[in-house]
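Residue numbers (my numbering): 45 to 326. Contents: one structure, followed by commentary.
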């Protein structure tokens, strides 16, 4: 067992699926449309008709659904059984028994499973690979599924140096706490971060600006700010990378960067869209 896997064994993972189950209660047609638009913008496409789409770590299932509605044949998988249940619930609501959308429980670190999947036109993994406990191996494994000229769309936590070390400790602490203490802990951690924009908006007599930052958050990929905050505080295992590290990893494997959307060097994910111009594996 590797060191990273030992850490996961003795620590508690964040229950991502439980958070996504709550998110599905606030899922609307507008949020689904926003998710579709975010795929269109980052992939620079209008449709995924005739394309195969692999959702690595499908979570709520929102982006599997978005890809399906854009015309793709979708294969979704997630390590967390409750996340798998959420994805299946979205399929039940919007795709019923359509064989063009397959959902399974599996790990991106399972080499045999990954090799059994074959190749895909689009591989999507937003905010997932850094939660596996073995991020660089996960990077390697998603590449196994990439066909020549395929697109790879990933989002990875930005490396903030010492701040990232602090966040790792906070996340580990959250997951070790009894359930009834997790919400107060999250408020304690995020409260000071929220206080600054609250005070700034009040000083300008524009408190509605702060409220709007919550109500309009769904324009960010159709997501929910509260559920994203819970995901951020609890998201463990937790690894980070600088953009240049990801470039250096994928460039020798024949990937060319198409799009990069950064978090400005601060807290959050950097988003990468690569095209694989050649396939170095048999």
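All C-beta atoms, glycine included, are put in the ideal place defined by N, C-alpha and C. A quick note: this is a predicted structure, and the numbers were derived from the prediction, not measured.
{"Query": "Residue(s) in a DSSP beta bridge with residue 150", "Result": "Residue 150 pairs with nothing; no bridge assigned."}
{"Query": "Beta strand (DSSP E) segments (min. 3 residues) lying fully within the stretch 66-138", "Result": "96-100, 117-122"}
{"Query": "As assigned by DSSP and simplified to three states, the class of residue 302", "Result": "strand"}
{"Query": "For residue 317, three-class secondary structure by DSSP", "Result": "strand"}
{"Query": "Closest residue to residue 103 among 114, 88, 121, 117 (Cα-Cα distance)", "Result": "121"}
{"Query": "Proximal residues to residue 313 (C-beta, below 8 Å), its chain only, five neighbours per side dropped", "Result": "170, 171, 199, 200, 201, 202, 307"}
{"Query": "Residue of 302, 204, 64, 73 minimising C-alpha distance to residue 196", "Result": "302"}
{"Query": "Residue 142, buried or exposed, once every other Cβ within 10 Å from all chains shown has been counted against 16", "Result": "exposed"}
{"Query": "Residue 99 versus residue 238 - alpha carbon distance", "Result": "32 Å"}
{"Query": "Environment of residue 193 [buried if 16+ CB atoms lie within 10 Å]", "Result": "exposed"}
{"Query": "Backbone secondary structure at residue 310 - three-state DSSP", "Result": "coil"}
{"Query": "Where the beta strand (DSSP E) containing residue 192 begins and where it ends", "Result": "190-201"}
{"Query": "Nearest neighbour of residue 309, chosen from 208, 295, 230 [CA to CA]", "Result": "208"}
{"Query": "Exposure label - residue 247; buried when at least 16 CB within 10 Å", "Result": "exposed"}
{"Query": "Enclosing beta strand (DSSP E) for residue 172 [first to last residue]", "Result": "Taken as a continuous stretch (DSSP letters only), residue 172 belongs to no beta strand (DSSP E), as it is neither H nor E."}
{"Query": "Minimum C-alpha distance to residue 129 - residue among 226, 82, 149, 85", "Result": "149"}
{"Query": "Residue burial classification, residue 225 (beta-carbon count within 10 angstroms, cutoff 16)", "Result": "exposed"}
{"Query": "Beta carbon of residue 152 nearer than 8 Å to that of residue 116", "Result": "no"}
{"Query": "Touch test, the stretch 157-165 against the stretch 183-192, Cβ-Cβ under 8 Å, three pairs minimum", "Result": "yes"}
{"Query": "Beta-carbon contacts of residue 83 that lie in its chain and below 6 Å, excluding the five residues immediately before and after", "Result": "110"}
{"Query": "Proximity of residue 134 and residue 114 at Cβ, strictly below 8 Å", "Result": "no"}
{"Query": "Endpoints, alpha helix (DSSP H) assigned at residue 297", "Result": "That residue, residue 297, is in no alpha helix (DSSP H); it is neither H nor E in DSSP."}
{"Query": "Residue 305 burial status per 10 Å Cβ neighbour count (16 or more: buried)", "Result": "exposed"}
{"Query": "Nearest-angstrom beta carbon gap, residue 168 and residue 229 [assumed within contact, 8 Å]", "Result": "The pair is not a contact, with the Cβ atoms about 31 Å apart (cut-off 8 Å)."}
{"Query": "Beta-carbon separation (whole angstroms), residue 212 vs residue 164, contact threshold 8 Å", "Result": "That belief does not hold up - the Cβ atoms of residue 212 and residue 164 are roughly 31 Å apart, past 8 Å."}
{"Query": "Neighbour-count burial assignment, residue 96, 16 or more Cβ in a 10 Å radius", "Result": "buried"}
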